[in-house]
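Those sequence lines, one after another, are chains A and B.
Note that the numbering used here has the first sequence beginning at 21, numbered continuously upward.
Note that the numbering used here has the second sequence beginning at 157, numbered continuously upward.
Virtual Cβ for every residue (Gly too), placed ideally from N, Cα, C.
Quick notes on the structure that follows.
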Amino acid sequence: MLVHVDANNFYASCEKVFDPTLRDRPVVVLSNNDGVVVARSSEAKALNIDMARPYFQIADLLRRYDVRVLSSNYTLYDDMSNRLAAVYRRFTDALEIYSIDECFLSFDHVPPDRLDAEARRLRTTAGRWTGIPVGVGVAATKTLAKLANRLAKKVPANDGVCVLGDAASVRDALGRIELTDLWGVSRGFQCRLRSLGIATPLELAEADSHLVRRRLGVVGQRIALELRGQRCIPMEVIAPDKQTVCCSRSFGTETRRFDDLRQAVCTFASQAMVKLRRQDLAAGAVTVFVDTNIHAPPGVKQYHNARTTGLPTASCDTREIAAAAVRALRRVYRPGYSYKKAGVLLHRLVKRSGVQPNLFDRRDHGRAGRLMATVDRINRRFGRGAVRIAAAVPFGMAPSGLTAGRTVHWRGRCDRRSRCYTTRWDELPICYAKSA
Amino acid sequence: METSRIPYLGPITAGFPKASEGYEDCPIDLQALLVPQPAATFFFRVVGDDLRADGVPAGAVLVVDRSCRPRRGRLAVVEQDGAFLATRLGDTPRPDAVVGVVTASIVQMGRG
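This is how it looks when you write it as structure tokens:
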């Protein structure tokens with residue numbers, strides 16, 4: 021059997037673990053740059069606050085209901101996500117990290133009569149150890165396990181765990197949901213299913229396999245077979261090598277100046293390179309893109325463009341990548357536009373050990389590698405951006421004093437970000453000593 | 157005609173092996189001593205001097221392990237009235253109020 025486990029209201033739950041004033045209060049977390057709502061606590065959901073609504077549209081409503089509004093704190097969420105994965109790994113080595121708050125686990129070693137107990141133990145251990153409530157779905161295939169998890173949450177009597185262990189329980193489950201509740205079924209796909217006379221998940225599971233294959237292709241057939249308990253979507257236990265690393269932000273205020281964009285692009289390149297080195301990868305090409313504000317009133321000139329610069333040898337050296345990014349930026353930058361967003365995308369990624377050396381490249385890569393390792397170590401210790409290339413600015417949690425009085429026009433808004441409780445010594449949660 | 161330089165990689169050196177060959181070990185790791193269960197361990201900074209007699213002066217860093225069972229008499233971090241408190245657990249601790257058991261108190265003496 022396979023397990024799908026995901027955290028309830030993950031970002032909001034992370035915030036609640038470390039801030040006792042949030043207990044039983046509605047909490048929403050905003051996207052990067054405080055744009056839209058990306059997470060709601062159960063109390064906020066009960067107030068019918070929509071997901072993905074722009075913050076400025078609902079600011080009054082949130083104030084009226086006394087909802088705590090937080091900027092997203094991805095440093096914290098990433099650490100909590102790793103902790104959850106470590107807890108799951110105690111149950112099985114066959115773990116697929118599907119997203120920041122979702123994993124698939126293999127429970128093939130668990131005897132059928134122990135599935136429910138083991139799933140409940142997984143849920144309580146995760147909740148107890150990390151403070152994050154999770155839901156657990158158990159079934160024969162990934163598609164069914166995801167569906168089981170949905171029912172684990174939706175049906176209160178399930179108490180966060182749902183095992184679809186036999187054909188009867190699968191049938192029952194398929195009768196309780198809509199087609200679009202299924203993993204991989206979009207509205208468009210639903211229309212195509214309807215045109216074949218398939219209106220419910222149960223009908224899809226029982227449809228003629230050849231007909232489904234002929235009319236809906238491999239994708240449709242795969243969903244149908246998974247619903248019948250036949251595994252078609254394999255577990256990806258080892259995370260596949262990353263294809264790209266991206267770093268981009270909307271700016272706090274728009275800018276027309278090349279220098280601002282250069283500073284932003286160099287900073288994004290630096291951050292992307294930290295991510296890259298953490299995975300022991302090197303990049304063979306850099307793409308830079310710039311965007312004007314798509315929400316600007318009609319009449320404002322729009323411009324979107326991207327350019328890619330290739331490197332002779334895949335590199336893990338921030339200086340080299342930033343220089344390549346600035347070359348790309350020179351080719352996309354057009355004066356006279358008001359830019360709202362820029363980003364850096366690293367691709368042609370290879371394992372550092374697998375970098376093809378270029379016979380005519382006489383630079384000392386060992387030295388650059390050691391320098392970058394030292395920079396990363398210093399920044400881990402003293403805060404991100406404590407040491408950086410001169411063209412970049414410190415980002416995120418770095419003390420504002422480091423900007424040395426320069427105005428940073430483009431820096432994202434994150435006014436209401438909580439502290440990095442688990443990754444910074446100077447930002448630990450506090451507790452008051454009380455003798456009994 | 158185009159020319160290219162072929163890099164000379166340098167001489168290869170070899171010598172006597174280190175006398176300690178085969179006896180290497182990792183330096184002492186504080187994390188291994190204080191945080192045997194990293195997924196469940198969180199650090200808290202202490203405010204107030206009420207627990208000085210228990211080895212927890214103001215400013216100490218508490219190592220809090222959420223995987224330990226909260227027993228009577230253990231020092232623990234609990235949630236109460238919208239704040240975290242470090243305190244000894246009484247006879248019947250409310251399970252949902254206990255954040256975790258304190259497994260160590262780190263007190264720095266300064267370097268001056």
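Original post:
What residues in its chain sit with their C-beta under 6 Å from that of residue 216 of chain A, if we drop five residues either side in the sequence?
Top reply: 235
Original post:
Relative to chain B, which residues along the segment 141-166 of chain A have a C-beta separation below 9 Å, given in chain order?
Top reply: 145, 148, 149, 150 and 151
**OP:** Kindly list the residues whose CB is nearer than 6 Å to the CB of residue 91 of chain A, restricted to its own chain and excluding five residues on each side of it in sequence; keep chain order.
**Re:** 50, 54, 434, 436 and 437
Original post:
Does any residue of chain B bring its CB to less than 8 Å from the CB of residue 453 of chain A?
Top reply: yes
**OP:** Kindly indicate the opening and closing residues of the alpha helix (DSSP H) around residue 247 of chain A.
**Re:** 229-247
Original post:
To the nearest angstrom, how far is it from the Cα of residue 401 of chain A to the Cα of residue 132 of chain A?
Top reply: 48 Å
Subject >> Within chain A, the residues that residue 247 of chain B reaches when beta carbons sit closer than 8 Å >> reply: Within 8 Å Cβ-Cβ: nothing; residue 247 of chain B doesn't reach chain A, min ~11 Å.
Subject >> residue 112 of chain A (DSSP reduced to helix, strand or coil) >> reply: coil
Subject >> Closer than 8 Å to chain B by CB, residue 417 of chain A >> reply: Residue confidence is low: residue 417 of chain A scores 34 on pLDDT, short of 50, so the model does not pin down where it sits. Its coordinate-derived value is still stated next. Residue 417 of chain A does not count as touching chain B.
Original post:
Should residue 228 of chain B and residue 245 of chain B be called a contact, given that it needs their Cβ atoms to be closer than 8 Å?
Top reply: yes
**OP:** Along the alpha helix (DSSP H) that carries residue 215 of chain A, what are the first and last residues, could you check?
**Re:** 207-215
Original post:
Using the beta-carbon of each residue, which ones in chain A are nearer than 8 Å to residue 235 of chain B?
Top reply: 40 and 43
**OP:** Give the secondary structure of residue 27 of chain A by DSSP, where H, G and I count as helix, E and B as strand, and everything else as coil.
**Re:** strand
**OP:** State the DSSP-derived secondary structure class of residue 221 of chain B, mapped to helix, strand or coil.
**Re:** strand
Subject >> Three-pair Cβ contact test at 8 Å for the segment 218-227 of chain B versus the segment 177-189 of chain B >> reply: no
**OP:** Compare the C-alpha of residue 263 of chain B against each of B:159, B:237, B:161 and B:199 and name the closest.
**Re:** B:199
Subject >> Runs of alpha helix (DSSP H) wholly within the segment 100-183 of chain A (minimum 4 residues, chain order) >> reply: 135-150 and 162-174
Subject >> Distance cut-off 7 Å: residue 87 of chain A Cβ against heavy atoms of the ligand GTP >> reply: The ligand GTP is not among the ligands present in this structure, which contains no ligands whatsoever.
Original post:
For residue 440 of chain A, does the three-state DSSP call read helix, strand or coil?
Top reply: coil
Subject >> Inter-residue spacing [alpha-carbon to alpha-carbon] between residue 413 of chain A and residue 286 of chain A >> reply: 8 Å
**OP:** Could you tell me whether any Cβ in chain B is nearer than 8 Å to the Cβ of residue 47 of chain A?
**Re:** no
**OP:** Step through the CB atoms of chain A and report whether any lies within less than 8 Å of the CB of residue 244 of chain B.
**Re:** yes
Subject >> Short Cβ contact (8 Å threshold) for residue 253 of chain A with residue 162 of chain A >> reply: yes
Subject >> Selection from A:93, A:277, A:288 and A:302 that minimises the alpha carbon distance to residue 263 of chain A >> reply: A:302
Subject >> Cutoff 8 Å: residue 217 of chain B Cβ touching any chain A Cβ >> reply: yes
**OP:** Under 9 Å between beta-carbons, which chain B residues line up against residue 394 of chain A? List them in chain order, please.
**Re:** Per Cβ cutoff of 9 Å: no residues; residue 394 of chain A is ~19 Å from chain B at best.
Subject >> Own chain partners of residue 339 of chain A with C-beta closer than 7 Å, once the 5 adjacent residues on each side are dropped >> reply: 409
Subject >> Reduced DSSP secondary structure (H/G/I, E/B, other) of residue 214 of chain B >> reply: coil
Original post:
List, in order along the chain, the chain A residues whose C-beta lies closer than 9 Å to that of residue 194 of chain B?
Top reply: 103 and 106
Subject >> Any 3 or more C-beta pairs closer than 8 Å across the segment 35-49 of chain A and the segment 85-104 of chain A >> reply: yes
Subject >> C-beta atoms of residue 241 of chain B and residue 451 of chain A nearer than 8 Å >> reply: yes
Subject >> residue 213 of chain A vs residue 199 of chain A beta-carbon contact at 8 Å >> reply: yes
**OP:** Evaluate residue 356 of chain A with the Cβ neighbour count: other Cβ atoms within 10 Å of its Cβ, from every protein chain shown; 16 or more gives buried, anything less gives exposed.
**Re:** exposed
Subject >> Extent of the continuous beta strand (DSSP E) run through residue 271 of chain A >> reply: 265-275
Subject >> Segments of 3+ residues assigned as beta strand (DSSP E) that fall wholly inside the segment 30-105 of chain A >> reply: 47-50, 57-60 and 88-91
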